[in-house]
Amino acid sequence: MSSSTTNDKLTTLRAALTNTALFCTGTAPLASHSRALFYRDLEGTGAKYVLGHCCCSTQRADDGSWLDLADVSHLQLEMLVKACDECGTMERTRFSPSFDVHATDILEYIRTNLFCDDEERGRVKVELQQLDVHGPTSCSEPSRITIRDKNVLATLIVVFPTLYVGGSLHLRRGAEEWTFDSAAAICASTTPSIAYIAFTNDLEPELAPIQLGHRVSLTYHLSLTPEHSSPTHPLSTPNLEETALQTALQTLLDDATFMPHGGLLGFGLQHHYTITPGTPNLRGLLSSLQGTDALIHRTCHTHLSIKTTLKAVFSAQRRFSGYKYNVLLSAPRSFEGTYLENGLKDVLVRLGGKVIRDYGTEELEERFKWMEKGDKGRRVDSTEVLWVRPLTSRARFSSPYLMEGVGGAGEGGSGVGLGYARGDVCLVVRVGPPGARGTVREEREKEKERVVVGLEEEEKWPIGEKVALTG
1 MSSSTTNDKL TTLRAALTNT ALFCTGTAPL ASHSRALFYR DLEGTGAKYV
51 LGHCCCSTQR ADDGSWLDLA DVSHLQLEML VKACDECGTM ERTRFSPSFD
101 VHATDILEYI RTNLFCDDEE RGRVKVELQQ LDVHGPTSCS EPSRITIRDK
151 NVLATLIVVF PTLYVGGSLH LRRGAEEWTF DSAAAICAST TPSIAYIAFT
201 NDLEPELAPI QLGHRVSLTY HLSLTPEHSS PTHPLSTPNL EETALQTALQ
251 TLLDDATFMP HGGLLGFGLQ HHYTITPGTP NLRGLLSSLQ GTDALIHRTC
301 HTHLSIKTTL KAVFSAQRRF SGYKYNVLLS APRSFEGTYL ENGLKDVLVR
351 LGGKVIRDYG TEELEERFKW MEKGDKGRRV DSTEVLWVRP LTSRARFSSP
401 YLMEGVGGAG EGGSGVGLGY ARGDVCLVVR VGPPGARGTV REEREKEKER
451 VVVGLEEEEK WPIGEKVALT G
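For reference, each letter of the sequence shown is one residue, going 1 to 471 in UniProt numbering.
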């Protein structure tokens, strides 16, 4: 893979992954029967009715005249504001909108453009969470959206066409920032329409102050759920990001000088996922991938017939030399309550893990070759990985384990200490040699379930018993 042409193709592939789908926006017509909102005030004294006709002032593009749809009074909106808490939020149990997001094309658009999900794998599950009403006197603190369910992948905000100025939604991730101006999107429509934005959990939202009027919105939580029924609406055509990724990857694999013997491609995950140590396998997480993470899996599996899997990459450090390793394993194993006498790296390798080396490296460096002193002379298994996208910490996990304390039991040390097995989950794509890129069937991982000498008894001992024995 030394040719400049091949490197250029790899650069093109990496560039195709930079346009991560973190959010999607749009507008949708608001039917007359979808404009009602019933709610109870803070005292719960009875049902109120508002937004019989949502209002918007918009300039028609044809004759330049103003179309005034305002039919809800300022007083009605002020009463609605008073029914909300100090931050302008009303809990789900106190209101009922006639607007039904399932009766629109919004969820289908989100499924194919944000989740990059295919028809056979899942459907979007939507749960209404809260109503928000913001005006010039609303508190300046940004509304925080609390997500308690680990299966929630994204948030959807639907904004009604009430007349207001300001209230742009700012989305941030690190130093990056995007702005969604719902007022401008609504007023660009010539008929009553709602504006919506769906964004992943990676983004932090903040609402700009309202200068005039009131902004009324609904907030939903989104997740993917298996569904075998036919979709209500036809699927959208592949988006530009999907086409670009497929073309770039296919072009690279068509190059006979690239991985002439086949190999592993690694992709760090770009979205946050909850990983539980001890999960037997990561296959179930494939259906919950988001954005370009899902796009990579879909492109390889569906379009190129190449197998993709999720793997756990453990970070280990040799006890005596201090050298650091990354070890590839099929699942995020749990070592809670286990005493690891010879260190984490030895156990990972004995369980079938392989030390990762950079692609193109013929063999491990001398310092990586051997197990710890407990198993002298045994060579370490290793594997090459070409990281198309660097390993990230967005799907990190951690599991505690017992280890020899500082100084050792016989040297005045504490006897038993506490260590942590930390790792990150990534996508791994196994490709075959030229001419058979997609025909490789990954060998079933045969992790060694047997416990090595001495580990079977020790790993089950509670801390107290182990300390007593070594004291």
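Cβ atoms here follow ideal geometry from the backbone N, Cα and C, with glycine treated the same way.
Proximal residues to residue i (C-beta, below 7 Å), its chain only, five neighbours per side dropped
i, result
"L128", "R92, L218, Y220"
"M202", "Inspection of the sequence shows that residue 202 is occupied by Asp rather than by Met. The answer, listed in chain order, is L22, R173, H271, H272."
"L286", "H297, L310"
"T279", "A331, P332"
"Y359", "G263, E384, V385, L386"
"R94", "Y39, R40"
Burial state of residue i, where buried means 16 or more other Cβ atoms lie within 10 Å
i, result
"L17", "buried"
"D132", "buried"
"G423", "buried"
"E177", "exposed"
"D293", "buried"
"G174", "exposed"
"C56", "Caution applies to C56, whose pLDDT of 42 falls short of 50 and renders its modelled position unreliable; the model cannot decide the point."
"A185", "buried"
"E242", "buried"
"K9", "buried"
"D346", "buried"
"H74", "exposed"
"H261", "exposed"
"N281", "exposed"
"residue 474", "Only positions 1 to 471 of the chain appear in the structure, and residue 474 is not among them; the question remains open."
"H214", "buried"
"T162", "buried"
"G164", "The amino acid at residue 164 is misidentified as Gly; the sequence shows Tyr. Result: buried."
"Q317", "exposed"
"R283", "exposed"
"A15", "exposed"
"L323", "Position check: residue 323 holds Tyr in this sequence, whereas Leu was assumed. Exposed is the call here."
"S288", "buried"
"S34", "buried"
"S182", "buried"
"Q246", "buried"
"Q290", "buried"
"A31", "exposed"
"residue 472", "With the chain represented from 1 up to 471, any question about residue 472 goes unanswered, as that position is not in the structure."
"T179", "exposed"
Spatial neighbours of residue i in its chain, beta-carbon cut-off 6 Å, leaving aside the 5 residues before and after
i, result
"R337", "The sequence given here has Gly at residue 337, not Arg. There are no such residues."
"P434", "A256"
"S398", "Y420, R422"
"T12", "A248"
"S230", "Only weak support exists for where S230 lies, its pLDDT of 37 falling under 50; the coordinates are left without a value."
"T5", "none"
Nonlocal neighbours in the same chain, by C-beta distance under 8 Å from residue i, ignoring five residues either side
i, result
"T301", "Note on identity: in this sequence residue 301 is His, with Thr being the wrong assignment. Closer than 8 Å at the Cβ level, and outside the excluded window around H301, lie K307, T308."
"G419", "L340, L344, P400, Y401, L402, M403"
"M90", "Y39, A83, C84, Q130, L131, D132, V133"
"I110", "C24, V124, A154, L156, A198, L222"
"G438", "L304, S305, I306, V431, G432"
"T276", "P332, F397"
"R389", "R14, L17, G266, F267, G268, Q270"
"N326", "V313, F314, S315, A316, V355, I356, L391"
Limits of the unbroken alpha helix (DSSP H) element including residue i
i, result
"I110", "106-113"
"H272", "Taken as a continuous stretch (DSSP letters only), H272 belongs to no alpha helix (DSSP H), as it is neither H nor E."
"E404", "Not the alpha helix (DSSP H): E404 falls in the beta strand (DSSP E), residues 396-404."
"H74", "74-82"
Limits of the beta strand (DSSP E) - the one that residue i falls within
i, result
"H134", "123-134"
"D255", "Segment: none, D255 is in no beta strand (DSSP E) and carries neither H nor E."
"S96", "95-97"
"H221", "215-225"
"D85", "Looking at the DSSP string, D85 is not in any beta strand (DSSP E), and its letter there is neither H nor E."
"R389", "382-389"
"Y420", "416-431"
"L203", "Segment: none, L203 is in no beta strand (DSSP E) and carries neither H nor E."
"Y39", "37-40"
"D358", "354-358"
"G26", "23-29"
Any non-hydrogen atom of the ligand MG closer than 7 Å to residue i Cβ
i, result
"R215", "This structure lacks the ligand MG, and indeed carries no ligand of any kind."
Could you give the uninterrupted runs of the beta strand (DSSP E) lying entirely in the segment 137-199, keeping only those of 3 residues or more? DSSP assignment within the segment 137-199 yields the following whole beta strand (DSSP E) runs of 3 residues or more, N-terminal first: 154-159, 164-166, 169-173, 176-180.
Kindly confirm or deny that the segment 251-271 and the segment 187-195 touch, where touching means at least three C-beta pairs closer than 8 Å. no
Quick one: any contact between the segment 263-271 and the segment 380-392, if contact means 3 or more CB pairs under 8 Å? Yes, the segment 263-271 is in contact with the segment 380-392.
In chain order, what are the residue ranges of uninterrupted alpha helix (DSSP H) at least 4 long that sit wholly in the segment 284-346? Annotation: the segment 284-346 contains the following complete segments of the alpha helix (DSSP H) (minimum length 4 residues), in chain order: 291-298.
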